[in-house]
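Engineer: For reference, the structure I am asking about is given below.
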């Protein structure tokens, strides 16, 4: 029997983790795709910080998450009166997790 060493598997990048979160129905009350599938909305910032960020990322501060979004080329599209924030990225689309693999966090 052959086994693959776990170290050979590439860890998911930030964009891939974010895509996973957005496709997790248990997270939809806090973060969700918009109908277009080209943007997403952070619906409940407190819920993100308390329960979602710690599950997927080392840092659980919203400011750190927000900085990382910008570093990865995401941009804020709109902030609602309810403090819901909509972000978008030209290569981040619902149903296209393959595009995440070619994204990187080196953008300013």
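Residue numbers (the working numbering): 75 to 182.
C-beta: ideal position from N, C-alpha, C; glycine also.
#1: Can you tell me the Cα-Cα spacing of residue 95 and residue 170, whole angstroms?
#2: Going by DSSP in three states, residue 184 sits in which element: helix, strand or coil?
#3: Of the choices 117, 174 and 125, whose alpha-carbon is the least far from that of residue 154?
#4: Hey, how far is the Cα of residue 120 from the Cα of residue 156?
#5: From 174, 146, 148 and 88, pick the residue whose C-alpha is nearest to that of residue 127; which is it?
#6: Taking the CB atoms as reference points, tell me whether residue 174 and residue 92 lie closer together than 9 Å.
#7: Tell me, please, which residues DSSP counts as bridged to residue 126.
Structural biologist: The relevant details are as follows:
#1: 14 Å
#2: This structure leaves residue 184 out entirely; the chain is present only between 75 and 182.
#3: 117
#4: 13 Å
#5: 88
#6: yes
#7: The partner list for residue 126 (beta bridge, DSSP) is empty, contrary to what the question assumes.
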